[in-house]
Structure formats: structure tokens, C-alpha cells
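Working notes for the structure below.
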Amino acid sequence: MGVVGMAKGFGVTFSHMFKKVVTTEYPEKPDATAPRYHGRHILNRHPDGLEKCIGCELCAWACPADAIYVEGGDNAEGARFSPGERYASVYQINYARCIFCGLCIEACPTRSLTMSNEYELARDDRKDLIFTKEQLLAPLLPGMEQPPHPMRLGESEKDYYLSGPTNPGVSVGAEGR
Amino acid sequence: MGIEEKLLPNGVLLTTVEKLVNWSRKASFWPATFGLACCAIEMMATGAARYDLARFGMEVFRASPRQADLMIVAGRVSQKMAPVLRQIYDQMPDPKWVLSMGVCASSGGMFNNYAIVQGVDHVVPVDMYLPGCPPRPEMLIDAILKLHEKVMAEPLGDRRAKTVAQREADGKGPIVQPGAMPSSYRYDKARRAEWEKAVAEGTEEQLRIANWMQREVAR
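Read top to bottom, the protein sequences are chains P and S. Going letter by letter, the first sequence gives residues 1 to 177 in this note's numbering. Going letter by letter, the second sequence gives residues 178 to 396 in this note's numbering.
Right, dumping it as C-alpha cells:
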């Protein structure tokens, strides 16, 4: 290998000085994920703050990794958490099992469960990876009221579901894309 | 944990020495290759040019456990692999850390059956669990940075460990446990303060969703 060969080789290396850097600057400037990236879940709310989850357990049945645990409860007249008869009194997702396949999202009949693009989930304890309902529920947006409270948007749950397409409440990532 | 306990008498250590030792440990992790399944592909991608683990001083994946101090268990551990895994771990010199990458290594994941060990912590002590199937390279970097933070908070020697434990019992410990804050928050001063405030109120997950929704609406 002569001088010319060496110059050629180093030339390739040197030419990278003038090329755009491909390395991401992850912790300081995270790149945006793909719009439909499967990240951690969100339990959504109706526009008045009531939970969309009705405790039907379809997500838990759809889950191939048995990562979701739901316990349904009855909405009482004084303690209403969701429109209709039932709500999820216990809702847990075990992120040490969840494979982010999105089958739970497909199964959800009320668009209650959706996914965000958040992915920074590593923890040093397995029990911190079990997210409870408090951690999964969406924050209260302005105009929302912390449940339990009576239905504000109609007489029955039907009114909630019929107005859903135009007035979805919290469901970013589910509607409009 | 390592040689420092034999060299230095307990109690006369300065926290600066502790910081220096911990810093040199965390800034030059040498991972042992332990790619077992699809997670290993993401682990390789993390080491390559785009994500570039060399930014954190750890590009070289050692094939020999004697030269490694971090084991990234990437993939499902079968019952047959478990003794091998343990042997590799035993061959690594102290101090050493284990990062369980992906849900299969963390808990068995979707493979809840007789062939797969239900969580690598049945075999070796794990310092960081990383969910995801497989986790994207950013998630692995996030887990490594969280592990860095944990290493930085490691007390040097018995006496110091007792002092730290006492301080925590008195309620003077850190607001956010080391290794609990997402890296994109920890590396940004404003967001870091935001997160600390949210942890004090117990609403850090709501904060995360709210911030994400804001970004989503702006997009």
C-alpha cells in the first residue's frame, strides 16, 4: 500500500469533517419520536373530568403479556367516577411486562386508553414499574373537575359518547391524526 | 464494594474523594456483551454512530468479563442460559453493575412459560430495570444515565453509608431518589426544577403527560 492508497483512506476519514453530524444529542435535546410511537399509556377523561374508563377489562383480556390488571366498581349516586354504571376502581399496568404492542388500545371501546410518546421508564425497582391508576390518569385540564361528581354533560352516558367525536376531552394521540 | 474498602480506613474519607471515585467509575463503564435476543440489536444500535454510547465513555463492549464492570442483559434468559449468566457475572471484578434491558430480562415479559427465567434478578442482583420490547436506543441511554446517577450517589465505605442512611431517616435525603428522574428532565435545568416540584407534590407522572400533550398540540 503506497502513499496514494493511504491518502485515499485518510481522505475518506477527513471528508467526514465537512459532513453533517448524525449523532443525536439525546439527553439534552431529545429527537421527536414517530408520531404514532407506542409509549406509556394514558387513561383519558371526558371534558367535564369524569374518567372514560368503564372498567370492562377488555384491555386486560387483549393483553398478550398479562400486563394489565383491572378491577371494576359500581358508580354510586353520590360517588360517580365515570358516566354509566361502572368504573375501574383498580387499574394497573405492569411496565415490566408490557410490550407496547397497542392491542389494549385497539380493544378499548371508549377511547379511554391511549398511548403517549413518553419512553423514559427505567427504574431501579420492579415495583416502581407497576403504574397505578393515579399515575396513568391524564391531568385535569382547565374546566375539568376532579371526580367523583355527577354527570355534567348530559342525562346518560349516551350523551357523552354521542358528543365524543366533536368534544373528546383528553384524548391526545387518539383523535385528529 | 471494591478495593477502596481495604485501602482506606473508614470515616476519614472526604466526600470529595467519594465524588472523584464515583465519577471515574460512572464515566468509564465497560459493558460486558450479553446480547441474548432482539434487545441486543438495539444495544448495538446504541453503540453505533447515531446514538453513540462513546459520548458517555462506554463504547467498547468487552467480550471478556474480566475487563467489564457493567453487564447489560439484553434479551430473554432461558433456564439453560441462567448458570452461564451467573458465571459471567461472578467473573466480573468488583465493583460491578447489572442493567436488565427489556421486559423479558426484567420479568419474563410476554414469555410466561417454563423455558424462560421470570426476571434476571432471580439469578443476579439488578441495578436498573429497563422496560420496552425492545427498548429504543434512547431508552437504553436513559437507563444508563440513571445508573450513572445512582453510581454517583453510592457511599464510599461503611461509615459513610451509615451517615447517608441516617440523613435519609431524618428526612434530609434527596427529594428525587437517584435514578428516578427521566434523563431529558435531569439534563435541563428548568425541567429538572419542574420535576422536583412535581415529585414533592406526588404528581410527576401527570406532569409528564401534560408536557407531552403540550408538545403534541404544538406539533
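Glycine included, every Cβ here is placed at the ideal spot set by N, Cα and C. Note that the coordinates shown come from a computational prediction; the quantities given were computed from them, not determined experimentally.
Collapsing the DSSP output to three states places aspartate 74/P in a strand.
Rounded to the nearest whole angstrom, the CA to CA distance from glycine 78/P to methionine 151/P is 11 Å.
Rounded to whole angstroms, the gap between the alpha carbons of aspartate 74/P and arginine 97/P is 28 Å.
DSSP, read as helix, strand or coil, puts lysine 29/P in strand. In this structure the region 207 to 221 of chain S lies against the region 242 to 255 of chain S, because at least three pairs of beta carbons, one per stretch, are closer than 8 Å. Not a single CB atom of chain S sits nearer than 8 Å to the CB of serine 15/P.
Residue pairing for arginine 313/S: DSSP places it in no beta bridge.
Between aspartate 229/S and glutamate 120/P, the C-beta gap is not smaller than 8 Å, which leaves the two residues out of contact.
The beta carbon of lysine 327/S falls within 8 Å of a beta carbon belonging to chain P, placing the residue at that interface. A Cβ of chain P is located within less than 8 Å of the beta carbon of methionine 287/S.
Neighbours of cysteine 98/P in chain S, taken as residues at a C-beta separation under 8 Å, are given in chain order as Val280, Pro308, Cys310. The DSSP assignment places complete alpha helix (DSSP H) segments of no fewer than 4 residues inside the region 93 to 159 of chain P at 103 to 107, 133 to 136, in order along the chain. Distances from the CA of cysteine 53/P to each of Thr13/P, Cys108/P, Thr33/P were compared; the closest alpha carbon is that of Cys108/P. Taking 8 Å as the cut-off, the Cβ atoms of arginine 263/S and isoleucine 293/S do not count as close. Rounded to the nearest whole angstrom, the C-alpha separation of threonine 132/P and methionine 220/S is 29 Å. The continuous alpha helix (DSSP H) containing methionine 390/S extends over residues 381 to 395.
Against chain S, a Cβ distance below 9 Å from isoleucine 130/P picks out nothing, because the smallest value is about 10 Å. Bounds of any beta strand (DSSP E) do not take in methionine 258/S, whose DSSP letter is neither H nor E. Within the same chain, Thr33, Phe100, Met115, Ser116, Asn117, Glu118, Tyr119 come within 8 Å of glycine 39/P by CB-CB distance, once the 5 residues on both sides are set aside. Rounded to whole angstroms, phenylalanine 18/P and alanine 342/S show a C-alpha spacing of 52 Å.
At the C-beta level, valine 261/S and valine 301/S stay beyond 8 Å of one another. Going by beta carbons, leucine 307/S and serine 277/S fall inside the 8 Å limit. In the DSSP secondary-structure assignment, glutamate 51/P is bridged to Arg45/P.
Contact residues of the region 103 to 131 of chain P toward chain S are Ser116, Asn117, Glu118, Tyr119, Glu120, Leu121, Ala122, Arg123, Asp124, Arg126, Leu129 (C-beta to C-beta distance below 7 Å).
Against chain P, the CB of alanine 292/S has no partner CB under 8 Å away; the residue lies outside that interface.
In the DSSP assignment, methionine 220/S falls within the alpha helix (DSSP H) that extends over 216 to 224. Annotation: the continuous beta strand (DSSP E) that includes leucine 276/S extends over 274 to 278. Flagged as an interface residue toward chain S: isoleucine 42/P, by a C-beta distance shorter than 8 Å. Using a Cβ distance threshold of 8 Å, arginine 80/P and methionine 144/P do not count as a contacting pair. The Cβ atoms of aspartate 48/P and leucine 153/P sit closer than 8 Å to each other. Taking 7 Å as the cut-off between beta carbons, the residues of the region 313 to 325 of chain S near chain P are Arg313, Glu315, Met316, Ile318, Asp319, Ala320, Leu322, Lys323, in sequence order. The continuous alpha helix (DSSP H) containing tyrosine 362/S extends over residues 360 to 363.
Setting aside the 5 residues that flank it on each side, glycine 234/S is surrounded in the same chain by Ala204, Ser205, Phe206, each with a C-beta closer than 8 Å to its C-beta; the list follows chain order. At a beta-carbon threshold of 7 Å, the residues of chain P lying near alanine 226/S are Val22, Thr23, ordered along the chain. Taking isoleucine 130/P as the centre and dropping the five residues before and after it, the same chain places the C-beta of Gln92, Ile93, Asn94, Tyr95, Ala96 closer than 8 Å to its C-beta, in chain order. In the three-state DSSP reduction, valine 341/S falls in the helix class (H, G or I).
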